[in-house]
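These notes concern the structure reproduced below.
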Amino acid sequence: MRRSRRATQTRKTGIAIFLIASSVVWLPAAAQGKSETYRCGNTYTDRPCEGGKPVKVDDLRTDADRRASEAATHKAEVRADQLERIRLSQEKEAYERDRRSAHEARQAAVAERKLRSSEQLAQARARKLASEPHKSSTRFSGASAGKPASPPDVAGSKKKRKPSSGSDAG
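In C-alpha cells:
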C-alpha cells in the first residue's frame, strides 16, 4: 500500500499528538506515588519549574472506557486506511481515463489530418484534370457541316509503318 507523503506525514503528526496527550494522562497512573504534575510552557513534568503551574491529571476513566476509546481509535484508523485506498483507486481510474481520452484524441486528430490531406490531394487532382485541355474524339474532329466524318484507317491501309529502331524488333 503506497501512501502519499502528505498523508503519511499527517498521520504521523496525529499519532504523535495522540501519544503526547495520552502520556500526559497516563504519566500519573504510571508514577503512582506522585500526586502532582506541572505544566512548564508547552511541556509537562512531575517536578516543579519556574513559572510552572500544577495541573490535576487524575484519570477518572475505567478500564472499559479506555478499551472502548482504544477500539474506537483503531476503528477510525482502519476506516481512514480504507478511505485512502478508495481515494487512490479513484485517482488511478481517473488517470487511466484521462490517458485513454488523450490517446483517443490524438488518434482522432491524426485520422482527421489524413482525411484532410487525402481530400486536398483529390481536389488537386480534380483541378489538374479540369485545367488540362480535352482531346477531341475522331468522330467530331474536322467534320464539315455537310460531309460525314471519314472513317479511321483499317487494316488494309496503304500506309506503311517505319520499323522501330532498337531492341523492340524481335
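Each residue of the sequence shown is one higher than the one before, starting from 817 at the first, in the numbering used here.
Each residue gets a CB set at the ideal place from its N, CA and C atoms; glycine is no exception.
These numbers were taken from a predicted model, which means no experiment stands behind them.
Should residue i be labelled buried (16 or more other beta-carbon atoms within 10 Å of its own) or exposed?
| i | result |
| --- | --- |
| T853 | buried |
| I831 | exposed |
State the beta-bridge partners of residue i as determined by DSSP.
| i | result |
| --- | --- |
| C865 | In the DSSP output, where bridge partners are listed per residue, C865 has none listed. |
| R855 | Y860 and K869 |
So for residue i, helix, strand or coil by DSSP?
| i | result |
| --- | --- |
| T889 | helix |
| R877 | coil |
| E948 | coil |
| S934 | helix |
| Q848 | With a pLDDT of only 49 at Q848, under 50, the local geometry of the prediction cannot be trusted, and the value read off the model is given with reservation. Three-state result, Q848: coil. |
Flag this pair as yes or no: are the beta carbons of residue i and residue j separated by less than 9 Å?
| i | j | result |
| --- | --- | --- |
| T878 | G868 | no |
| R827 | A896 | yes |
| P870 | R855 | yes |
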